[in-house]
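Data first, discussion second: the structure below is written as C-alpha cells.
Here's what the structure looks like:
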C-alpha cells in the first residue's frame with residue numbers, strides 16, 4: 001500500500017497520481033482517461049503516455065528537478081514542514097502548487113477546480129512590502145529567506161523567489177494563480193550577478209538567441225534584483241496558463257546532483273539524441289539549431305555554468321521544442337587564475353581556450369547541422385559578441401548598474417580581441 005499519494009495536474013487538468021511506498025520508492029501512474037486523449041501532453045519525455053506506470057528511476061529525478069539545488073533551502077523546507085529534506089515527494093506535498101512548467105502536485109483533498117480555475121486572489125505588495133520581502137532573502141541567503149509567503153518551488157542554487165506581476169504591480173498569489181516572475185537578489189558571492197545575468201541575456205538576444213524576458217530593479221533598501229519573466233506562464237484572455245516544460249536532466253532521468261557532465265551528467269551528444277526524438281520535423285530542426293547557437297554563445301561568452309539543468313524543453317501535446325534560454329552569465333565578469341572550462345564538453349574539450357571550430361562543427365554534426373552552416377554561425381556569434389554586450393550595457397539607465405555592465409562589456413571585448421574575433 002502507498003504511504004503517500006499526491007494528485008498531479010498539468011495546468012489544472014488531472015493527469016495521474018504520484019505515490020511513495022513504505023520503503024520510500026516513488027512511482028507515477030497516468031489517469032486512464034487522460035492517456036486516451038488524442039493530444040495528451042506527457043509529464044516528461046521520460047514518461048510517455050503510451051505507458052501507464054513509471055518507476056522510480058525516471059520519476060525520482062523528475063521530482064528532484066522541481067526542487068531547489070540548495071541544501072540550505074531544502075533543510076529549511078524540511079524544518080518548516082516537519083519532514084525529511086531528502087524526501088522530494090513529502091516536500092512537494094507542501095510546495096508543489098507552483099513549480100516549473102505546468103505541473104501542480106497536490107494533496108488528494110485539493111480538487112482539479114481548486115488547482116486550475118480560481119484565479120486572481122492576490123496579496124498585493126507595495127514598495128515597502130516588496131523591499132521587506134527581498135531583504136529577507138538577502139539577509140538569509142542560505143535558506144532563501146525565512147518568511148512563509150507562498151507555496152512555490154524553484155530549482156537552482158541561487159537564492160530566489162517567485163511572485164506574480166501585472167499592471168497593478170507585484171503580488172503573492174493566494175489561490176491557483178501562478179507566479180509570473182522569478183526574482184534573484186544580488187547576494188554574496190554573487191554581488192554583481194544581477195547585472196551580469198541581465199547583460200548576458202540581453203547580449204544573447206542581440207546575436208539571435210531566444211531568451212526569457214528580463215530586467216533589473218532596485219528596492220528602497222538598495223538591494224539589487226535580477227527579474228526574469230517566466231516563459232512557462234502566459235496570459236490567455238483573462239486567465240493565466242501554465243506552459244509545461246522540463247529541463248534536460250529531468251527528460252534524461254538524471255539526478256540533478258549530476259547536472260555537470262564531469263560529474264556524470266548529460267553532454268551535448270545525449271541532448272542531441274533526445275532532440276532527434278522530438279515529434280515534428282520543424283520543431284526538431286529549430287531545436288537543433290537553437291541548441292547549437294546556445295552552445296556557441298555560452299562557450300564564446302565564457303558562461304561556465306551552462307549545464308544540462310540550464311537547458312529546458314517546452315512540451316505541448318505532441319510538440320516538443322527547446323525552451324528560451326535562462327540563467328546566462330559570463331565568467332569574464334570575475335577575475336580567474338585558472339583556465340575556464342565549459343560545463344559540457346565540446347568535442348573532446350572542456351577548456352574554453354582549447355575549443356575550436358572543429359569541435360563546434362563536430363557537435364553540429366550530431367545536431368544534423370551542415371559543417372559550412374555551423375562554421376558560419378560560430379563566426380557570426382563570435383564576431384558580434386563584443387558589440388552585443390556593449391549594446392546591452394548601454395541600455396541600462398541606473399548609473400551604478402551601467403558602470404558594472406560597461407566593465408563586463410569591456411572584459412568581453414578584450415577577450416574577443418585577444419582571440420581575433422574582432423579587430
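Numbering (the UniProt record's numbering), first residue to last: 1 to 423.
Even for Gly, the Cβ is constructed at its ideal location relative to N, Cα and C.
Based on Cα-Cα distance, which residue from the options lies nearest to residue i?
i, options, result
"residue 370", "288, 61 and 59", "288"
"residue 469", "224, 173, 141 and 160", "Nothing about residue 469 can be reported from this structure: the residues present for the chain run from 1 to 423 only."
"residue 420", "389, 403, 353 and 407", "353"
"residue 248", "344, 212, 88 and 198", "344"
"residue 252", "265, 83 and 244", "265"
"residue 458", "275, 407 and 181", "Limits of the chain in this structure are 1 at one end and 423 at the other, which puts residue 458 out of reach."
"residue 372", "384, 358, 385 and 383", "358"
"residue 61", "291, 379, 186 and 246", "246"
"residue 268", "356, 365 and 317", "365"
"residue 404", "389, 418 and 417", "389"
"residue 134", "41, 182 and 383", "182"
"residue 300", "283, 342 and 337", "342"
"residue 314", "330, 363 and 244", "244"
"residue 109", "164, 8 and 254", "8"
"residue 192", "376, 82, 226 and 293", "226"
"residue 270", "142, 282, 319 and 250", "250"
"residue 317", "283, 206 and 79", "283"
Please confirm whether residue i and residue j have their CB atoms less than 8 Å apart.
i, j, result
"residue 196", "residue 333", "yes"
"residue 324", "residue 242", "no"
"residue 212", "residue 326", "yes"
"residue 88", "residue 106", "no"
"residue 102", "residue 209", "no"
"residue 408", "residue 236", "no"
"residue 65", "residue 6", "no"
"residue 229", "residue 180", "yes"
"residue 40", "residue 202", "no"
"residue 20", "residue 4", "yes"
"residue 346", "residue 295", "yes"
"residue 292", "residue 207", "no"
"residue 137", "residue 159", "yes"
"residue 216", "residue 396", "yes"
Residue i bridges to which residues according to DSSP?
i, result
"residue 19", "5 and 27"
"residue 184", "226"
"residue 164", "171"
"residue 44", "47"
"residue 215", "227"
"residue 341", "351"
"residue 321", "314"
Taking its Cβ as the centre, do 16 or more other Cβ atoms sit within 10 Å of residue i, making it buried, or is it exposed?
i, result
"residue 175", "exposed"
"residue 70", "buried"
"residue 186", "buried"
"residue 113", "Residue confidence is low: residue 113 scores 42 on pLDDT, short of 50, so the model does not pin down where it sits. Its coordinate-derived value is still stated next. So residue 113 ends up on the exposed side."
"residue 116", "Since pLDDT at residue 116 reaches only 45, below the 50 mark, its modelled position is unreliable, and no value is offered."
"residue 47", "buried"
"residue 148", "Caution applies to residue 148, whose pLDDT of 49 falls short of 50 and renders its modelled position unreliable; the value that the coordinates give is listed next. Answer is exposed; the Cβ neighbour count stays below 16."
"residue 303", "buried"
"residue 76", "buried"
Does any C-beta atom of chain C lie closer than 8 Å to the C-beta of residue i?
i, result
"residue 27", "Here there is only one protein chain, and chain C is not present."
Taking three-plus beta-carbon pairs below 8 Å as touching, is the region 47 to 67 in contact with the region 14 to 32? Yes, they touch.
For the region 259 to 269 and the region 296 to 315, state whether three or more C-beta atom pairs, one from each stretch, are separated by less than 8 Å. Yes: at least three Cβ pairs fall under 8 Å.
Would you say the region 120 to 133 touches the region 215 to 231, given that touching needs at least three Cβ pairs under 8 Å? Yes, they touch.
Using 8 Å as the Cβ pair cut-off and three pairs as the minimum, do the region 409 to 417 and the region 375 to 388 touch? Enough Cβ pairs lie closer than 8 Å, so yes.
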